[in-house]
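Visitor: Have a look at this one.
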Amino acid sequence: MALVCLALDQAQAGTLKEARELYATGEYAKAIKASEEAIAANEYDSGWRLLLLRGQLATGAYPEAKRFATQLLEDYRYRYNAEALWLFHLAYEANGDTEQAGQMLQIIMQFLNGQRGISDENTLVFIGRALLKAAVSDPKQVKENLFDRVLQSSPNNREALLAVGELALAKRDFKLAGSTFTRAIGHYPEDADLLFGLAKAYAESDPSQMEEPLHTAMFTNPDHVPSLLLQAHNQADAEQYDAANGILKAIFKINPHHAGSWALQSALHTVRNEPDKAKSARASGLKYWKTNPLVDHEIGKKLSSKYLFTEGAAHQRKALAFSKDYIPAKTQLAQDLLRLGREEEGWKLAEEAHEADGYDVITFNLLTLHDSLKKYVTIDRNGFLLRMTRDEAALYGDEAIDLLTEARGLFSKKYDTQIEGPVIVEIFPEKKDFAVRTFGIPGGDGYMGVCFGRLITANRGIR
């Protein structure tokens, strides 16, 4: 039996296709070993080297990935390979070498101006990824002129489908993300990246549908870190912190330096009032890339989901200190400040984020709501700022202020506390406006109101 298993292992890694299958199913160590053996045997196919680089990145071997990328750059074949250059970018970025990482993006973008030949459709996809990462092109234009162009001629192109789906997720266009990943899975039903993408789209839009694609992704690749991390987030959201920590431990066995996972670990320690452990986890997430804005952004985002908006906002400011143009942090900080009642700065940041990225659904929704709020009236009395439509203010505005004043007096006495500063109360006649103000996106089924401390949003009626 041992001889049979040994022979099977050897057969699995016999060809590049089989080695890629090992990687796709989470057998990263075997895929790395097969790649190293093929390279040592002077296999010419560049795919072996790119697979080794992917394996190093997947397992957190970031210094090794950087050294290997630098070595491959000496070979002219890889300087004209957009996929290779994209992986080099990721390798340099993971090590905090942002200058060299940016240089890789610049080289990829040279394919557009004719300095480098476009050899296949996937090259167009990686050009698009570079344009998006460098934030030098409108995301909608990248999608339409590059990704959609590939899909018009090759509807089943896996890289293009993945790129469109990930772009839609990044911009919170969950409808497009869901339809794109569903289409992709029809062609690649056992692709963990695509299955995870669909699960992520459902997680944000229809959580009841999330479990099936997520479980299928984990069945296909039990060591798929993005899927494991999504599971950890789900457990944390349900306040199953021990379960979340158990999943994070499993992730760190696969990739001990995964920044997003350390960010969640840090946030969980903060929620459980373990500041020293939170600080240590954050430092682990920043081990190789000391100024990675994603770490503080993800910490802050999770804290805000736990209604710790002041702490969440502080982490978004740290992220922006690392990268002043990091739009996810600017968008989240805008929402945090609006929920803390710091409206002037919050709306200003939302406008800045929208100007930088008009494709983002949350900032678009917020600014559309902002225009609507200009038509509301504000009743300023007894320490409350009550915002509502003019008609409703005339109908019951004074009675609402009286009721709020009575409630504040009752609960201040009951809990022996004083509420400082004005309390903002916004009453929306339309559920969609309430949901955008409260959650950033339409929805909010079943909610009559939400309290964010000094901000209370209310839905006048369930429709």
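Going by numbering that gives the first Met the number 0, the sequence shown opens with residue 0, and the numbers climb by one from there. By construction, the Cβ of each residue, glycine as well, lies at the ideal position given by its N, Cα and C atoms. Computed from a predicted model, the values in this text were never measured in an experiment.
Can you tell me whether L307 is helix, strand or coil according to DSSP?
Guide: What you label residue 307 is simply residue 308 of the sequence shown in a count that begins at 1. Note: L307 maps to coil in three-state DSSP.
Visitor: Alpha carbons only, please: which of R453, R271, Q239 and I31 is nearest the one belonging to L385?
Guide: Locating residue 385 in the sequence shown gives position 386, where the first residue counts as 1. Measuring from the Cα of L385, the nearest candidate turns out to be R453.
Visitor: I think A191 touches A355, with their Cβ atoms under 8 Å apart; what is that distance to the nearest whole Å?
Guide: One-based indexing of the sequence shown puts residue 191 at position 192. One-based indexing of the sequence shown puts residue 355 at position 356. So it is not a contact: roughly 32 Å between Cβ atoms.
Visitor: Curious, which full-length alpha helix (DSSP H) runs of at least 4 residues does the region 122-178 contain?
Guide: Whole alpha helix (DSSP H) segments, 4+ residues: 138-141, 147-152 and 157-169.
Visitor: Looking only at its own chain, which residues have a Cβ that is under 7 Å from the Cβ of I107, when we skip the five neighbours before and after it?
Guide: Numbered from 1 along the sequence shown, position 108 holds the residue referred to as residue 107. Excluding positions up to five away in sequence, the list reads A81, L84, W85, F125, I126 and A129.
Visitor: My output table needs one value for N254: the three-state DSSP class, helix, strand or coil.
Guide: As a working note, residue 254 is residue 255 in the sequence shown. Reduced to three states, the DSSP call for N254 is coil.
Visitor: Hey, quick one: how far does the beta strand (DSSP E) through S386 stretch, first residue to last?
Guide: Residue numbering aside, residue 386 sits at position 387 when the sequence shown is read from its first letter. Checking the sequence, you will find Arg at residue 386 rather than Ser. That run of the beta strand (DSSP E) goes F383 to M387.
Visitor: Within 10 angstroms of its Cβ, does F410 collect 16 or more other Cβ (buried), or is it exposed?
Guide: For this step, residue 410 is matched to residue 411 along the sequence shown. It counts as exposed.
Visitor: For a test of the three-state rule: what should DSSP assign to F195, helix, strand or coil?
Guide: As a first step, residue 195 must be located in the sequence shown, where it is residue number 196. F195: helix per DSSP, three-state reduction.
Visitor: Can you give me the C-alpha to C-alpha distance between E405 and Y61, rounded to a whole angstrom?
Guide: Stepping through the sequence shown from its first residue, residue 405 is reached at position 406. Stepping through the sequence shown from its first residue, residue 61 is reached at position 62. So the alpha carbons of these two residues sit roughly 60 Å apart.
Visitor: Identify, in the order they occur along the chain, each residue of the same chain with its Cβ nearer than 7 Å to the Cβ of I361, setting aside the five sequence neighbours on each side.
Guide: Looking up residue 361 in the sequence shown gives position 362. So the qualifying residues of the chain are R171, T330, G439 and I440.
Visitor: Looking at the unbroken beta strand (DSSP E) that takes in E425, where does it start and where does it end?
Guide: For the purposes of this step, residue 425 is identified with residue 426 of the sequence shown, where counting begins at 1. Run containing E425: V422 to F427, per the beta strand (DSSP E) assignment.
Visitor: Between the alpha carbons of R459 and Q334, how many angstroms are there, rounded?
Guide: The count along the sequence shown starts at 1 and reaches residue 459 at position 460. The count along the sequence shown starts at 1 and reaches residue 334 at position 335. Roughly 22 Å between the two C-alpha positions.
Visitor: Which residues does DSSP list as the beta-bridge partners of I455?
Guide: For the purposes of this step, residue 455 is taken as the residue at position 456 of the sequence shown. I455 is bridged to V424 and C450.
Visitor: For a quick check, are the C-beta atoms of L336 and A313 less than 8 Å apart?
Guide: Within the sequence shown, the letter at position 337 stands for residue 336. Within the sequence shown, the letter at position 314 stands for residue 313. No, Cβ-Cβ distance for L336 and A313 is not below 8 Å.
Visitor: Looking at the secondary structure, which residues open and close the beta strand (DSSP E) in which T377 lies?
Guide: Position 378 of the sequence shown, counting from 1, holds the residue named residue 377. Run containing T377: V376 to R380, per the beta strand (DSSP E) assignment.
Visitor: Please go through the region 26-108 and give each complete alpha helix (DSSP H) segment of 4 or more residues, from N-terminal end onward.
Guide: Within the region 26-108, the complete alpha helix (DSSP H) runs of at least 4 residues are 27-39, 45-57, 61-71, 75-78, 81-93 and 97-108.
Visitor: To the nearest angstrom, how far is the alpha carbon of Q102 from that of A162?
Guide: On the sequence shown, residue 102 is found 103 positions in, with the first residue counted as 1. On the sequence shown, residue 162 is found 163 positions in, with the first residue counted as 1. Those two C-alpha atoms are separated by around 21 Å.
Visitor: Are there 16 or more other CB atoms within 10 angstroms of the CB of E26, so buried, or fewer, so exposed?
Guide: Taking the sequence shown and counting its residues from 1, one reaches residue 26 at position 27. With 16 or more Cβ atoms within 10 Å of its Cβ, E26 is classed as buried.
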